[in-house]
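Structure, as structure tokens:
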Amino acid sequence: MVPPTAVTEAAANAGSSVAVKDPVKDTILTPRFYTTDFEAMAAMDLRPNEAELEAICEEFRKDYNRHHFVRNGEFDGAADKLDPQTREVFVEFLEQSCTSEFSGFLLYKELSRRIKNRNPLLAECFAHMARDEARHAGFLNKAMSDFGLQLDLGFLTANKKYTFFKPKFIFYATYLSEKIGYWRYITIFRHLEQNPDSKIFPIFNFFENWCQDENRHGDFFDALMKAQPDTVRGLTARLWCRFFLLAVFATMYVRDVARKEFYEALGLDARDYDRVVIDKTNETSARVFPVVLDVKNPRFWEGLERLVQNNAALSAADESQAPAPIKLIRKLPYWVGNGLEMATLFLMKPVRSKALQPAVR
Numbered sequence: 013m014v015p016p017t018a019v020t021e022a023a024a025n026a027g028s029s030v031a032v033k034d035p036v037k038d039t040i041l042t043p044r045f046y047t048t049d050f051e052a053m054a055a056m057d058l059r060p061n062e063a064e065l066e067a068i069c070e071e072f073r074k075d076y077n078r079h080h081f082v083r084n085g086e087f088d089g090a091a092d093k094l095d096p097q098t099r100e101v102f103v104e105f106l107e108q109s110c111t112s113e114f115s116g117f118l119l120y121k122e123l124s125r126r127i128k129n130r131n132p133l134l135a136e137c138f139a140h141m142a143r144d145e146a147r148h149a150g151f152l153n154k155a156m157s158d159f160g161l162q163l164d165l166g167f168l169t170a171n172k173k174y175t176f177f178k179p180k181f182i183f184y185a186t187y188l189s190e191k192i193g194y195w196r197y198i199t200i201f202r203h204l205e206q207n208p209d210s211k212i213f214p215i216f217n218f219f220e221n222w223c224q225d226e227n228r229h230g231d232f233f234d235a236l237m238k239a240q241p242d243t244v245r246g247l248t249a250r251l252w253c254r255f256f257l258l259a260v261f262a263t264m265y266v267r268d269v270a271r272k273e274f275y276e277a278l279g280l281d282a283r284d285y286d287r288v289v290i291d292k293t294n295e296t297s298a299r300v301f302p303v304v305l306d307v308k309n310p311r312f313w314e315g316l317e318r319l320v321q322n323n324a325a326l327s328a329a330d331e332s333q334a335p336a337p338i339k340l341i342r343k344l345p346y347w348v349g350n351g352l353e354m355a356t357l358f359l360m361k362p363v364r365s366k367a368l369q370p371a372v373r
């Protein structure tokens, strides 16, 4: 992968008082780094939807947030006002968010570099999105330095495990990542707009413009999938759309409930917040996915709650002082339980997207 100079230079200027934070251990809930089939990407035919992709690229060129991510005096001393527990959960939020944004930067930058001679329009779009993600990651990492910590993004680049996804899986995963990111950020922003006393750190002032980057990125993948109609047509496409929706929603729900203290610090209930985000992302996905999940069905939320309970039991087993073989035996039924629960949720009858169209106009 390319050296992440655009992001690491900002980290290098943070000063000697900032310690490098060890990255968290990889789990099923932590952000992943991705790679893909660059040859297949380069050979992609954009003609079925080239006009829309060109229009989106023109939006990227305007770079609306070029001057948005500029820190001001509100950041001075803001970290010192947080109590120890809030500091801990907020730094965890910054780390997870920075890692996720940086993952996008690496993928988009490498795609742009590898395909620019064969697919210039696609390469340019990826270059603009890499620019946006680099800004986001750098801004989050700089916020971590207010707490005396930063991530070594160069170390992450070289040492984090990369997951290979075929291009169509990249489309599903990144589309959902960008759209769910939009709804996460805008929901927090609107809540804090109405409850300014819950704004624990000035970074939230930037969320409204920030989430518009996420929205444009999602629109790009929407248009790209429409240019590759096999990704959104037919039985196989319907099954994969359901799978990725469930994987993204379940991961977010389990992760957010596990760190509910962060949302409580913002005056939010993690479960209620996720219900809003999942419902809105599901509706938005109906604009391109042929089917979406039946998130109005109480069985869906009951299944997610069982995943939360199993995850709590797995964490308790990990934290116990039992020998490793005993831990493994204790964890096995919860792993099986999670697998069965995910299968049950996947097999729930989906909702045809046309049925949701009036809700998303």
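For the sequence shown, the numbering used here begins at 13 and goes up steadily by one.
Glycine included, C-beta positions come from ideal geometry on N, C-alpha and C.
### Task
Determine the extent of the beta strand (DSSP E) in which Tyr174 is found, giving its start and end residues.
Counted from its first residue, the sequence shown places residue 174 at position 162. Residue range Tyr174 to Phe176 is occupied by the beta strand (DSSP E) that includes Tyr174.
### Message
Tell me the rounded alpha-carbon separation between Leu316 and Ser297.
### Response
Taking the first residue of the sequence shown as position 1, residue 316 is located at position 304. Taking the first residue of the sequence shown as position 1, residue 297 is located at position 285. Annotation: Leu316 to Ser297 spans about 20 Å, alpha carbon to alpha carbon.
### Query
Which residue spans inside the region 105-165 form an unbroken beta strand (DSSP E) run of at least 3?
If we require 3 residues or more, the beta strand (DSSP E) runs fully inside the region 105-165 come out as 161-163.
#### Entry: Residue range of the unbroken alpha helix (DSSP H) whose run includes Lys33
Mapped onto the sequence shown, residue 33 falls at position 21. Element bounds for Lys33: not the alpha helix (DSSP H) but the beta strand (DSSP E), Ala31 to Lys33.
### Query
If you count every other CB in all the chains shown that lies within 10 Å of the CB of Arg373, and 16 or more means buried, which is it?
The residue you call residue 373 lines up with position 361 of the sequence shown. With a pLDDT of 38 at Arg373, under the threshold of 50, the modelled position of that residue is not reliable, and no figure is offered here.
### Message
With H, G and I counted as helix, E and B as strand and the rest as coil, what does DSSP make of Val348?
### Response
Locating residue 348 in the sequence shown gives position 336, counting from the first residue. Annotated three-state conformation of Val348 is helix, per DSSP.
### Task
Tell me where the beta strand (DSSP E) around Tyr76 begins and ends.
Counting from one through the sequence shown, the residue named residue 76 turns up at place 64. That residue, Tyr76, is in no beta strand (DSSP E); it is neither H nor E in DSSP.
### Query
Val260 and Leu305 look like a contact to me (Cβ under 8 Å); what is the Cβ gap, rounded to whole Å?
Indexing the sequence shown from 1 puts residue 260 at position 248. Indexing the sequence shown from 1 puts residue 305 at position 293. Wrong, their Cβ atoms sit about 10 Å apart, outside the cutoff.
### Message
Which complete alpha helix (DSSP H) runs does the region 305-369 hold, if anything under 4 residues is left out?
### Response
Within the region 305-369, the complete alpha helix (DSSP H) segments of 4 residues or longer fall at 310-331 and 336-358, listed in chain order.
### Query
Exposed or buried, which one is Gly4 when buried takes at least 16 other CB atoms within 10 Å?
The first residue shown for the chain is 13 and the last is 373, placing residue 4 beyond what the model contains.
### Query
Does the beta-carbon of Arg147 have 16 or more other beta-carbons within 10 angstroms, so that it is buried, or is it exposed?
In the sequence shown, the residue the question calls residue 147 occupies position 135. Arg147 should be labelled buried.
### Message
Rounded to the nearest angstrom, what separates Lys172 and His229 at their Cα positions?
### Response
As a position in the sequence shown, residue 172 is number 160, starting the count at 1. As a position in the sequence shown, residue 229 is number 217, starting the count at 1. In this structure, the straight-line span from the alpha carbon of Lys172 to that of His229 is close to 24 Å.
### Message
Which residue marks the beginning of the alpha helix (DSSP H) containing Thr199, and which one marks its end?
### Response
For this step, residue 199 is matched to residue 187 along the sequence shown. Run containing Thr199: Pro179 to Gln206, per the alpha helix (DSSP H) assignment.
### Query
Under 8 Å between the Cβ atoms of Ser112 and Pro208?
Position 100 of the sequence shown, counted from the first residue, corresponds to residue 112. Position 196 of the sequence shown, counted from the first residue, corresponds to residue 208. The Cβ atoms of Ser112 and Pro208 lie no closer than 8 Å to each other.
### Task
For the alpha helix (DSSP H) containing Thr243, list its first residue and its last residue.
Taking the sequence shown and counting its residues from 1, the one referred to as residue 243 is at position 231. Bounds of any alpha helix (DSSP H) do not take in Thr243, whose DSSP letter is neither H nor E.
### Task
Could you tell me which residues DSSP puts in a beta bridge with Val303?
Numbered from 1 along the sequence shown, position 291 holds the residue referred to as residue 303. Beta-bridge pairing by DSSP links Val303 to Arg364.
#### Entry: Sequence-distant residues of its chain with Cβ nearer than 7 Å to Ile374 (five each side left out)
With the chain represented from 13 up to 373, any question about residue 374 goes unanswered, as that position is not in the structure.
### Task
Quick one: measure Cβ to Cβ for Ala355 and Phe256, integer angstroms, because I've assumed they're closer than 8 Å.
On the sequence shown, residue 355 is found 343 positions in, with the first residue counted as 1. On the sequence shown, residue 256 is found 244 positions in, with the first residue counted as 1. At roughly 15 Å, the Cβ-Cβ gap does not stay under 8 Å, so Ala355 and Phe256 are not in contact.
### Query
What number of angstroms, rounded off, separates the C-alpha of Arg250 from the C-alpha of Glu145?
Sequence index remark: in the sequence shown, residue 250 carries index 238 (1-based). Sequence index remark: in the sequence shown, residue 145 carries index 133 (1-based). Here the alpha carbons of Glu145 and Arg250 stand approximately 29 Å from one another.
### Query
Relative to the C-alpha of Lys178, which residue among Phe167, Asn129 and Leu119 is closest?
By one-based count along the sequence shown, residue 178 stands at place 166. Cα-wise, what sits closest to Lys178 is Leu119.
### Message
Does Ala262 pass the burial test, meaning 16 or more other C-beta atoms within 10 Å, or should it be called exposed?
### Response
The residue labelled residue 262 in the question sits at position 250 within the sequence shown. Counting Cβ neighbours within 10 Å, Ala262 comes out buried, since at least 16 surround it.
### Message
Pop quiz: Tyr285 and Ile182 are said to be a contact at Cβ under 8 Å. What is the actual Cβ separation, rounded to whole angstroms?
### Response
For the purposes of this step, residue 285 is identified with residue 273 of the sequence shown, where counting begins at 1. For the purposes of this step, residue 182 is identified with residue 170 of the sequence shown, where counting begins at 1. Beta-carbon to beta-carbon, Tyr285 and Ile182 are separated by about 27 Å, too far to satisfy the 8 Å threshold.
### Task
Go to Phe45, then tell me how far its beta strand (DSSP E) extends in each direction, as first and last residue.
Numbered from its first residue, the sequence shown carries residue 45 at position 33. Judged by DSSP secondary structure, Phe45 falls within the beta strand (DSSP E) whose first and last residues are Phe45 to Thr47.
#### Entry: For Glu273, the first and last residue of its enclosing alpha helix (DSSP H)
Reading the sequence shown from its first residue, position 261 is the one you call residue 273. Lys272 to Ala277 is the extent of the alpha helix (DSSP H) around Glu273.
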